[in-house]
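**Q**
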Amino acid sequence: MNDQALKELLYKLADDLLILGHRNSEWTGMGPLLEEDIAFSSMAQDKIGQSHALFQLLHQLGEQQPDLVAFTRNANQFHNAVLVELPNGEYDFSLVRHFLFDMADSLRWQMLTNSSYEPLAQLAKKIQGELRYHTLHANTWIKQLGNATEESITRLQGSLSKLMPYALGMFEESPMEAALINDGIFKGEQALQAIWKSKVEEVLSATQLAVPDWKILVPVYGGRRGQHSEHLQPMLDEMSEVFRIDPTTEW
Amino acid sequence: MKSLDPRVNRLPVPGTPGKITPKIPLDQFGSYEVFVQPKEGKPFQHEGIVHAPNLEMAFVLAKEAFTRRFTCVSLYVTDTRDVFVSPLTDADKNAYDMISDEGVKGNDSYEIYHLAKRGKQHVHAGVVTAGSPEEAMWKARQTLNTKQVFNIWAVKTSNIRKTGEGETILWDTLPEKKFRDAADYKGGDKLKEFLERNKS
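Chains as they are written, first to last, in numbering that gives the first Met the number 0: chain A, 0 to 250; chain B, 0 to 199.
(1) Which partner residues does Ile48(B) have in the DSSP bridge list?
(2) Since Val76(B) contacts Leu54(B) with CB under 8 Å, what's their CB separation in whole angstroms?
(3) Got a sec: which bits of the segment 101-135 of chain A sit with their beta carbon under 7 Å from any beta carbon on chain B, in order along the chain?
(4) Threshold first: 3 residues or longer. Then list the beta strand (DSSP E) segments lying entirely within the segment 53-95 of chain B, N to C.
(5) I'd like to confirm the pairing. Which residues does DSSP put opposite Tyr132(A) in its beta bridges?
(6) If you measure beta-carbon to beta-carbon, which residues of the segment 57-84 of chain A are closer than 7 Å to chain B?
(7) Let's test the definition: count the other Cβ atoms within 10 Å of the Cβ of Ala205(A) and tell me whether it reaches 16, buried, or not, exposed.
(8) Along the chain, where does the beta strand (DSSP E) containing Glu110(B) start, and where does it finish?
(9) Residue range of the beta strand (DSSP E) that Trp213(A) falls in?
(10) Can a CB atom of chain B be found closer than 8 Å to the CB of Gln143(A)?
(11) Can you tell me whether DSSP reads Ile194(A) as helix, strand or coil?
(12) Within the same chain, show all residues whose beta-carbon is closer than 7 Å to that of Phe54(A), passing over the 5 residues directly before and after it, in chain order.
(13) Which bits of chain A does Leu60(B) rub up against, with CB to CB less than 7 Å?
(14) Which full runs of the alpha helix (DSSP H) of 4+ residues lie inside the segment 52-82 of chain A, going along the chain?
(15) Could you tell me the alpha carbon to alpha carbon distance between Ala181(B) and Gln156(A), rounded to whole angstroms?
(16) List the residues of chain B whose Cβ lies closer than 7 Å to the Cβ of Ser41(A), in chain order.
(17) Report the residues of the segment 22-48 of chain B with a CB closer than 7 Å to any CB of chain C, ordered along the chain.
(18) Note down, in chain order, every chain A residue with its Cβ under 8 Å from the Cβ of Thr162(B).
(19) Select from Thr128(B), Gly163(B), Arg160(B) and Val122(B) the residue whose C-alpha is nearest the C-alpha of Ile151(B).
(20) Starting from Asn181(A), trace the alpha helix (DSSP H) in both directions and tell me its first and last residue.
(21) Leaving out five residues on either side along the sequence, give the residues of the same chain with a beta carbon under 7 Å from the beta carbon of Asn1(A).
(22) Based on DSSP bridge pairs, tell me the residues matched to Tyr128(B).
(23) I'd like to know whether the C-beta atoms of Asn73(A) and Asp15(A) end up nearer to each other than 8 Å.
(24) State the start and end residues of the unbroken beta strand (DSSP E) segment that holds Val219(A).
(25) Mind checking Trp213(A): buried by the 16 CB within 10 Å criterion, or exposed?
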């Protein structure tokens, strides 16, 4: 088994979840409805938990402690897609990002239930229930607001066009993609992207939202290689502010 | 009406004599009743309400609002307007004694809930076949009337959004989320440790 390729995969999974978990947690206390505030915060917490489990797997493979990895790296050492680091705007933006990301995330983890790397397959099986809720939540909201009022439809459509190039950036291939596929660790970004597109289309076609014209979209790549937007570093500074005061303390 | 006081500007404008209009519908979400099954084999119990635009959204929002802390195995929701309520009783009066044989006869399935103690929650008691909530309560009087209850609810089974077959996994990792319980943080212990450390 190719350890480098495996670690890279685990890092990108973990970083996506950590960064989006943190971004979504910024809504806590400010959600549009009490119940939605609670649900969105819980799912953000799930994502941080899943990233923690992945950092533990990395630790078992010789990487540093989860807290150190999460809180002491700089932006250019992060492997998350640019999609998840973009700052929150209005709620429609976060909801559409949640829909696009969590659809890909749940399909990815479904594939990983068959991974040849047993600890990853175990984790994938364990969190299926959380993922099931995340996609149920996202898809139900998109269907609800995608059929509601002119304002809600226009807002979702606007966020979809803004976010779609970044969403396609999630599927940037690793230079070691072939090793992952040959070793049976992960079926690969191309296979994932194909299913993701059809599932996104399936949900959108149940709404008044337009399905994107995939051919004219240009994916925003770079995140997987540490090339991020200017938004990531300030977010990391804020996220690790308390930890950095005293890295040895239990808060 | 021009005023700098926002309360004055929110007052309804005086109407035209003779003009009668329907009431304006609520500009807010309706309420949905949430029932939770704490353990396999235990009955569902009423936990509270959520506000939502429809039944499916109510299920989605109820899941985190009511089942993010204590372990449970299943959840369902129904529109408040679909819950039929018997007269409420007190002291040693049984609510079933106030149910008579009336209502449309039929073959729909109805869920019956009992309030066994005032101030507690309604708990699922069983299922009956009936054509109306009235008949459902009358049927329940024959079959589920085993001890005194203070109130009875009847809900048509088809009006309930239940946890689907593939959805029972939603609560798989809940037992591990003890950190959601404030007591799990053990703030007192942490403070004691901190004070001990600073003494020396």
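We put the beta carbon where it would ideally sit given N, CA and C, even for glycine.
**A** A quick look at the data gives this:
(1) Here residue 48(B) corresponds to residue number 49 of the second sequence, with the count starting at 1. According to DSSP, which records beta bridges pairwise, Ile48(B) is partnered with Glu32(B).
(2) Locating residue 76(B) in the second sequence gives position 77, counting from the first residue. Locating residue 54(B) in the second sequence gives position 55, counting from the first residue. Leu54(B) and Val76(B) do touch by the CB rule: their CB atoms are close to 7 Å apart, below 8 Å.
(3) Lys125, Ile126, Gln127, Gly128, Glu129, Arg131, Tyr132 and Leu135
(4) 73-78 and 82-84
(5) Position 133 of the first sequence, counting from 1, holds the residue named residue 132(A). DSSP, once it has assigned bridges, lists no residue as partnering Tyr132(A).
(6) Taking 7 Å as the upper bound on Cβ-Cβ separation, chain B lies near no residue of the segment 57-84 of chain A.
(7) The sequence position of residue 205(A) within the first sequence is 206, counting from 1. By the neighbour-count rule (16 or more Cβ atoms within 10 Å), Ala205(A) is not buried but exposed.
(8) Locating residue 110(B) in the second sequence gives position 111, counting from the first residue. Looking at the DSSP string, the run of the beta strand (DSSP E) that includes Glu110(B) is Asp107 to Leu114.
(9) As a working mapping, residue 213(A) is identified with position 214 in the first sequence. Segment: none, Trp213(A) is in no beta strand (DSSP E) and carries neither H nor E.
(10) Residue numbering aside, residue 143(A) sits at position 144 when the first sequence is read from its first letter. Closer than 8 Å: yes.
(11) Translated into positions along the first sequence, residue 194(A) becomes position 195. Correct three-state label for Ile194(A): helix.
(12) Along the first sequence, read from residue 1 onward, the residue named residue 54(A) stands at position 55. So the list reads Ala13, Pro65, Val68 and Ala69, once near-sequence residues are dropped.
(13) Mapped onto the second sequence, residue 60(B) falls at position 61. Near Leu60(B) (Cβ distances below 7 Å), the residues of chain A are Glu34, Glu35 and Ala38.
(14) 65-71
(15) What you label residue 181(B) is simply residue 182 of the second sequence in a count that begins at 1. What you label residue 156(A) is simply residue 157 of the first sequence in a count that begins at 1. C-alpha separation (whole angstroms): 40 Å.
(16) Within the first sequence, numbered from 1, the residue matching residue 41(A) stands at position 42. Residues of chain B with a Cβ closer than 7 Å to the Cβ of Ser41(A) are, in chain order, Glu63 and Arg67.
(17) Included in the structure are the protein chains A and B, with no chain C among them.
(18) Walking along the second sequence from the start, residue 162(B) turns up at place 163. What Thr162(B) touches in chain A: nothing, since even the nearest Cβ is about 11 Å away.
(19) As a first step, residue 151(B) is located in the second sequence; it is residue number 152 there, counting from the start. Selected option, being the one with the closest Cα: Val122(B).
(20) As a first step, residue 181(A) must be located in the first sequence, where it is residue number 182. Run containing Asn181(A): Glu176 to Asn181, per the alpha helix (DSSP H) assignment.
(21) Counting from one through the first sequence, the residue named residue 1(A) turns up at place 2. Here the set comprises Met175, Ala178 and Asp182.
(22) Position 129 of the second sequence, counting from 1, holds the residue named residue 128(B). Inspection of the sequence shows that residue 128(B) is occupied by Thr rather than by Tyr. DSSP output for Thr128(B) lists Ser108(B) as bridge partner(s).
(23) Position 74 of the first sequence, counting from 1, holds the residue named residue 73(A). Position 16 of the first sequence, counting from 1, holds the residue named residue 15(A). No, Cβ-Cβ distance for Asn73(A) and Asp15(A) is not below 8 Å.
(24) Numbered from 1 along the first sequence, position 220 holds the residue referred to as residue 219(A). Run containing Val219(A): none; DSSP gives neither H nor E here.
(25) As a first step, residue 213(A) must be located in the first sequence, where it is residue number 214. Trp213(A) should be labelled exposed.
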